[in-house]
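*Asks:*
Numbering (the working numbering), first residue to last: 7 to 71.
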């Protein structure tokens with residue numbers, strides 16, 4: 007009975023340690039990733055703004071004719 011209890015206890019500890027060691031890290035993203043994302047967003051906003059300006063210029067040229 008004592009051997010069975012020891013075996014059961016050993017399996018329980020081994021399982022809990024294995025679960026903790028193989029668990030995924032769900033922490034915050036790395037700084038580099040956030041900086042890259044911010045740069046991409048800024049570029050997208052700037053490109054959109056530039057496109058809007060060029061469209062406004064095109065409309066202004068049509069009105070002059």
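Glycine included, every Cβ here is placed at the ideal spot set by N, Cα and C.
Would you tell me roughly how many angstroms separate the C-alpha atoms of residue 17 and residue 28, rounded to the nearest one?
*Replies:* 16 Å
*Asks:* Could you give the DSSP three-state label for residue 78: helix, strand or coil?
*Replies:* Because the chain spans 7 through 71 in this model, residue 78 falls outside it and cannot be assessed.
*Asks:* Taking just the CA atoms, how far does residue 57 sit from residue 42?
*Replies:* Cα to Cα, residue 42 sits roughly 23 Å from residue 57.
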